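Reading through the structure tokens given below for one structure.
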Amino acid sequence: MIHRGYFSNMLGRLVLLAGIPSIVLPALFILDEYRTGERHLKESARQIQTNLVQNSKEGLLTGQVDHYLLPLANSALLNPEVAGVVFSDADGRPLLCVARGRDQAVKKAMESFTGDKSQPEGRASLLGERYFFVTGPVKAWKMPRAEQLFGLESKRTETTLGTVTLFVTPEMLMATLRARLYQSLFLVCLFLLLASVAALLIARRVTSPVEELIEAFRQLEGGNFTPSLSEPREAEILLLVHQFRQTAMRIRDLIKEKDSYSAQVLATAQELEDLNDNLEQKIAERTQSLQNANEMLELSNRKIQEADRLKSEFLANMSHELRTPLNAVIGFSELLLEKVPGPVTPDQEQCLQDILNAGKHLLALINEILDLSKVEAGKMPLSFTTLGVDALLDDMQNLFKPLFAKKKQQLLTTSQDPRASVYTDQHKLRQILINLLSNANKFSPERSRIWLDVGDRSDHHIFRVRDEGIGIPADQLGTVFEAFRQVDGTMSRTQEGTGLGLTLCKKFTEILGGVLAVQSALDKGTTFTLYLPKDPSKALDETYIEEAENGESACS
Amino acid sequence: MAKVLVVEDNLANQRLVRLLLESMQHEVECAFTGEEGWARIQGGGYDLVLLDMHLPGLDGFQLARRIKAIHGQGVKVYAVTALAMEGDQQKVMESGCDGYFSKPISIRDFRTRISEILGGGEQLTTSTKGAGDG
Chain A
1479 MIHRGYFSNM LGRLVLLAGI PSIVLPALFI LDEYRTGERH LKESARQIQT NLVQNSKEGL
1539 LTGQVDHYLL PLANSALLNP EVAGVVFSDA DGRPLLCVAR GRDQAVKKAM ESFTGDKSQP
1599 EGRASLLGER YFFVTGPVKA WKMPRAEQLF GLESKRTETT LGTVTLFVTP EMLMATLRAR
1659 LYQSLFLVCL FLLLASVAAL LIARRVTSPV EELIEAFRQL EGGNFTPSLS EPREAEILLL
1719 VHQFRQTAMR IRDLIKEKDS YSAQVLATAQ ELEDLNDNLE QKIAERTQSL QNANEMLELS
1779 NRKIQEADRL KSEFLANMSH ELRTPLNAVI GFSELLLEKV PGPVTPDQEQ CLQDILNAGK
1839 HLLALINEIL DLSKVEAGKM PLSFTTLGVD ALLDDMQNLF KPLFAKKKQQ LLTTSQDPRA
1899 SVYTDQHKLR QILINLLSNA NKFSPERSRI WLDVGDRSDH HIFRVRDEGI GIPADQLGTV
1959 FEAFRQVDGT MSRTQEGTGL GLTLCKKFTE ILGGVLAVQS ALDKGTTFTL YLPKDPSKAL
2019 DETYIEEAEN GESACS
Chain B
31 MAKVLVVEDN LANQRLVRLL LESMQHEVEC AFTGEEGWAR IQGGGYDLVL LDMHLPGLDG
91 FQLARRIKAI HGQGVKVYAV TALAMEGDQQ KVMESGCDGY FSKPISIRDF RTRISEILGG
151 GEQLTTSTKG AGDG
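Residue numbers (the numbering used here), protein chains in the order written: chain A, 1479 to 2034; chain B, 31 to 164.
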């Protein structure tokens, strides 16, 4: 496992780091101790040697080796460091060699060890063993006894009695040091072992929860949000575990939330789909019902068209069927009046004239009814041309001269601009004017005056027909354009008229885009004013005309 | 003096036209139906046929077409009709008629036009040729 390897590696380094000083430091101590020990050894060797030198004089002088020197040597050997003592005479011959142990070879080596006389001390290697030696001469004043006694010191001479060589062995020191070294090594090893164990234990305390956490993360990935996690003792790891648990819970909550959102989204999508289906169904239903309605509409449209066709057919038939007998009525009346078949009496002539008039009246009615129905069905054909106002007025004069002459009436025509022209359906305009002038003629007394004035405005023409006739009562002015309305029931009998003339005038005016207005004062006269737009596509309306007129009168 | 055939199912109108034409010194023969009119025309010799367009059976339009198909400009055919609706005039002219009189007729106007049609025969034949072809 990578993590364990990582931790072991780390621990190994730590142990190594701790192990180096734990080895180096005792080594340094031991080295130091060795030096100190050696110094001590040398010092004590020197001291012992000095003692031996001082105390060996007797023995050397006397030569009584066993008596003086041997006990001296043995006492020296009481020091454990002392390996051997060699007493030599003045000539360097060994007198006594005492060595620790019974090894004669060592004794011999010590006896034969001469060393370097210039060096009073030093290292000696005898038979592979290391020793430290201190050597020194034993000196004494040689003088006659007397002189000795008299203290004649100036005469005395110093002589060498012999040498004392002391061998000390560092063995004891080395043993101590060795023991110390082993001890240290043992302690170091023990320390390292303990440290490793401790490190391993600590590592395990860290790594196992970490491994658990890794495993927990794996499980978390697999969808387990509450993997078993033992409570670690390390505070940080504990914190980590807690944090992990919290995070896992948070993730679980988030996932739950997400799932619930997803569910909601799915539900909404489903709902939407349902709605869509529903909508489609509704659309289909609506389409169906629309189609049904459409079919109904088409049906009723066809019915209307059929009704319209039937109405037209009826009107055509009616017109035809009425004209046929009228042909005979009018024709025979005229024929008789012309006295083709034979002479007629004046009374008969009058009767025939009445029949003829009635026939013509009926014919006019039929024609006007046809015109009205055409206008109302929107089937009145219009043909717009430009018509000179002067020509129109002349035309009217010529047309009405005979009729007006009968009643000795005067037709006065004026034009604001004689060169003006009107762009309109002249047939309709003439019909309107003829109708209005006929009415004026009919409803005006003999020798009265009738005016036809043509005015010109910025966007419309004005045709005004004014008479000095009987006038129209104010309460009937409003219905004057309605069909079959003639002012005063009695009047209709004395005055000729179809009762459709003004209605037709009004309708024609409307399809020409104009306005037809009436003003009247009873017994004073009536004024009909026709306003026609200069541009037929821009129909005038009454309010506009009223305002224009008011403005006009205000100005003038 | 010309020979005129009046095809008219209404007796009063037939009489009126006959009276008018006779007062103008023309020879008049009458028929009540299209079939009768057609039979008489086969006999030949008419200068002018006055046709009511509304006839039982073979109507004025069909009759006018037949006459024009067989006799061409040899016989003038005029409609005397109470048809006054939009397009009626055109229909009448399309059937081959040389012209038409609207009912109710005005006798003054009728006389004038008959005189024109029959009096200036030569001139009228040429002037109505186009209509006959159509």
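Every residue, glycine too, gets a C-beta built ideally from N, C-alpha and C. All values reported here derive from a predicted model rather than from experimental measurement.
* Which chain B residues sit within Cβ distance under 7 Å of residue 1808/A? -> If you number the first sequence from 1, residue 1808/A lands on position 330. Within chain B, the residues near residue 1808/A are 134.
* Any Cβ of chain B within less than 8 Å of the Cβ of residue 1939/A? -> Against the first sequence, residue 1939/A aligns to sequence position 461. No, its Cβ sits nowhere closer than 8 Å to a Cβ of chain B.
* Asked: Nearest chain B C-beta to residue 1839/A closer than 8 Å, yes or no?
  -> Taking the first residue of the first sequence as position 1, residue 1839/A is located at position 361. False, the Cβ-Cβ gap to chain B never drops below 8 Å.
* Any chance the segment 48 to 55 of chain B sits against the segment 1764 to 1772 of chain A, with 3 or more Cβ pairs inside 8 Å? -> no
* **Given residue 1879/A as reference, the closest of 1715/A, 1702/A, 1928/A once Cα atoms are compared** => Position 401 of the first sequence, counting from 1, holds the residue named residue 1879/A. Minimum Cα distance to residue 1879/A is reached at 1928/A.
* **Cβ pair residue 65/B, residue 87/B closer than 8 Å** => Along the second sequence, read from residue 1 onward, the residue named residue 65/B stands at position 35. Along the second sequence, read from residue 1 onward, the residue named residue 87/B stands at position 57. It is a contact, given that the beta carbons lie within the stated cut-off.
* **Inside the segment 1877 to 1939 of chain A only - alpha helix (DSSP H) runs reaching at least 4 residues** => Fully enclosed alpha helix (DSSP H) runs of no fewer than 4 residues occupy 1904 to 1921 of the segment 1877 to 1939 of chain A, in order along the chain.
* chain A contact for residue 114/B (CB, 8 Å cutoff) -> Counted from its first residue, the second sequence places residue 114/B at position 84. Yes, because at least one Cβ of chain A sits closer than 8 Å to the Cβ of residue 114/B.
* Quick one: what's got a C-beta closer than 6 Å to residue 1715/A's C-beta in the same chain, skipping five residues either side? -> In the first sequence, residue 1715/A corresponds to position 237, counting from 1. So the qualifying residues of the chain are 1687.
* With distances taken Cα to Cα, identify the nearest neighbour of residue 2003/A among 1988/A, 1883/A, 1950/A. => To locate residue 2003/A, count along the first sequence from 1; it is residue 525. Ranking the options by Cα distance to residue 2003/A, first place goes to 1950/A.
* Asked: Using CA coordinates, which residue listed in 1700/A, 2009/A, 1937/A is at the minimum distance from residue 1943/A?
  -> For the purposes of this step, residue 1943/A is identified with residue 465 of the first sequence, where counting begins at 1. It is 2009/A.
* residue 1828/A, buried or exposed, once every other Cβ within 10 Å from all chains shown has been counted against 16 -> Taking the first residue of the first sequence as 1, we reach residue 1828/A at position 350. By the neighbour-count rule (16 or more Cβ atoms within 10 Å), residue 1828/A is not buried but exposed.
* Close Cβ partners of residue 158/B (< 6 Å) along its chain, the five nearest in sequence each way excluded -> One-based indexing of the second sequence puts residue 158/B at position 128. Confidence at residue 158/B is low in this model, with a pLDDT of 38, below 50, so the placement of that residue should be treated as unreliable; the coordinate-derived value is given next. Counting only Cβ-Cβ distances below 6 Å, and skipping sequence neighbours, we find 128.
* To do: In the DSSP assignment, find the unbroken beta strand (DSSP E) run with residue 1866/A in it and report its ends.
  => The sequence position of residue 1866/A within the first sequence is 388, counting from 1. From DSSP, the beta strand (DSSP E) with residue 1866/A extends over 1863 to 1866.
* **Contact list for the segment 1792 to 1804 of chain A against chain E, Cβ threshold 9 Å** => Judged by its chain identifiers, the structure shown contains no chain E, and its protein chains are A and B.
* Using the DSSP secondary-structure output, state which residues sit across from residue 59/B in a beta bridge. => Residue numbering aside, residue 59/B sits at position 29 when the second sequence is read from its first letter. For residue 59/B, DSSP records a beta bridge to 35/B.
* Nearest residue (CA-CA) to residue 1854/A, options 1696/A, 1490/A, 1693/A, 1982/A -> For the purposes of this step, residue 1854/A is identified with residue 376 of the first sequence, where counting begins at 1. With distances taken between Cα atoms, residue 1854/A lies closest to 1982/A.
* Asked: Out of 42/B, 101/B, 75/B, 36/B, which has the shortest C-alpha to C-alpha gap to residue 1806/A?
  -> Taking the first residue of the first sequence as position 1, residue 1806/A is located at position 328. Of 42/B, 101/B, 75/B, 36/B, the residue nearest in Cα terms is 42/B.
* To do: Starting from residue 1607/A, follow its DSSP beta bridges and name the residues at the other end.
  => Reading the first sequence from its first residue, position 129 is the one you call residue 1607/A. Partner(s): 1604/A.
* Which residues DSSP lists as bridging residue 1619/A, in chain order -> Here residue 1619/A corresponds to residue number 141 of the first sequence, with the count starting at 1. Per DSSP, the beta bridge partners of residue 1619/A are 1636/A.
* To do: State whether the segment 1814 to 1822 of chain A contacts the segment 1866 to 1885 of chain A, with contact taken as three or more CB pairs (one from each stretch) at a distance under 8 Å.
  => Contact between the segment 1814 to 1822 of chain A and the segment 1866 to 1885 of chain A is absent: fewer than 3 CB-CB pairs across the two stretches fall below 8 Å.
* To do: Give the DSSP bridge partners of residue 2009/A, in chain order.
  => Residue mapping note: residue 2009/A aligns to position 531 of the first sequence, counting from 1. According to DSSP, residue 2009/A bridges with 1940/A, 1993/A.
* Can you tell which of 144/B, 111/B, 34/B has its C-alpha closest to the C-alpha of residue 1799/A? -> For the purposes of this step, residue 1799/A is taken as residue 321 along the first sequence, with counting starting at 1. Among 144/B, 111/B, 34/B, the Cα nearest to that of residue 1799/A is on 111/B.
* Asked: So residue 1887/A and residue 1935/A are in contact, right, with Cβ under 8 Å, and what is the actual spacing, rounded?
  -> Numbered from its first residue, the first sequence carries residue 1887/A at position 409. Numbered from its first residue, the first sequence carries residue 1935/A at position 457. Cβ atoms of residue 1887/A and residue 1935/A stay farther apart than 8 Å, at about 29 Å.
* Asked: What's the C-alpha gap between residue 80/B and residue 1910/A?
  -> Your numbering for residue 80/B matches position 50 in the second sequence. Your numbering for residue 1910/A matches position 432 in the first sequence. Distance between the alpha carbons of residue 80/B and residue 1910/A: 35 Å.
* Asked: What's the call for residue 1962/A, buried or exposed, on a 16-neighbour Cβ count within 10 Å?
  -> Along the first sequence, read from residue 1 onward, the residue named residue 1962/A stands at position 484. Its Cβ having fewer than 16 others within 10 Å, residue 1962/A is exposed.
* Identify the continuous beta strand (DSSP E) that holds residue 80/B and give its terminal residues. => Position 50 of the second sequence, counted from the start, is the residue given in the question as residue 80/B. Start and end: 78 to 81.
* Using 8 Å as the Cβ pair cut-off and three pairs as the minimum, do the segment 1780 to 1790 of chain A and the segment 1828 to 1847 of chain A touch? -> no
* To do: Determine, using beta carbons only, whether residue 1848/A comes closer than 8 Å to chain B.
  => Here residue 1848/A is taken as the residue at index 370 of the first sequence, counted from 1. So yes, residue 1848/A belongs to the interface.
* Asked: From what residue to what residue does the alpha helix (DSSP H) around residue 106/B run?
  -> As a working mapping, residue 106/B is identified with position 76 in the second sequence. Here residue 106/B belongs to no alpha helix (DSSP H); instead the beta strand (DSSP E) covers 106 to 111.
* **residue 1575/A, buried or exposed, once every other Cβ within 10 Å from all chains shown has been counted against 16** => Along the first sequence, read from residue 1 onward, the residue named residue 1575/A stands at position 97. By the neighbour-count rule (16 or more Cβ atoms within 10 Å), residue 1575/A is buried.
* Neighbourhood of residue 122/B by C-beta distance below 6 Å, restricted to the same chain and skipping five residues each side -> As a first step, residue 122/B must be located in the second sequence, where it is residue number 92. If we look at residue 122/B and ignore the five residues flanking it on each side, its Cβ neighbours are 109, 130.
* Asked: In the segment 87 to 114 of chain B, which residues sit with their C-beta less than 7 Å from some C-beta in chain A, listed in chain order?
  -> Of all residues in the segment 87 to 114 of chain B, 112, 113, 114 have a Cβ within less than 7 Å of some Cβ in chain A.
* Asked: Can you name, in chain order, every residue of its own chain whose Cβ lies under 7 Å from the Cβ of residue 1984/A, other than the five neighbours on each side?
  -> Working through the first sequence from its first residue, we reach residue 1984/A at position 506. Within the same chain, residue 1984/A has close Cβ partners 1959, 1994.
* Whole-angstrom distance between residue 1777/A and residue 1760/A, CA atom to CA atom -> Taking the first sequence and counting its residues from 1, the one referred to as residue 1760/A is at position 282. Taking the first sequence and counting its residues from 1, the one referred to as residue 1777/A is at position 299. Whole-angstrom Cα-Cα distance: 24 Å.
* According to the neighbour-count rule (16 or more other Cβ atoms, all chains shown, within 10 Å of its Cβ), is residue 1545/A buried or exposed? -> As a working note, residue 1545/A is residue 67 in the first sequence. The residue is exposed, with fewer than 16 neighbouring Cβ atoms inside 10 Å.
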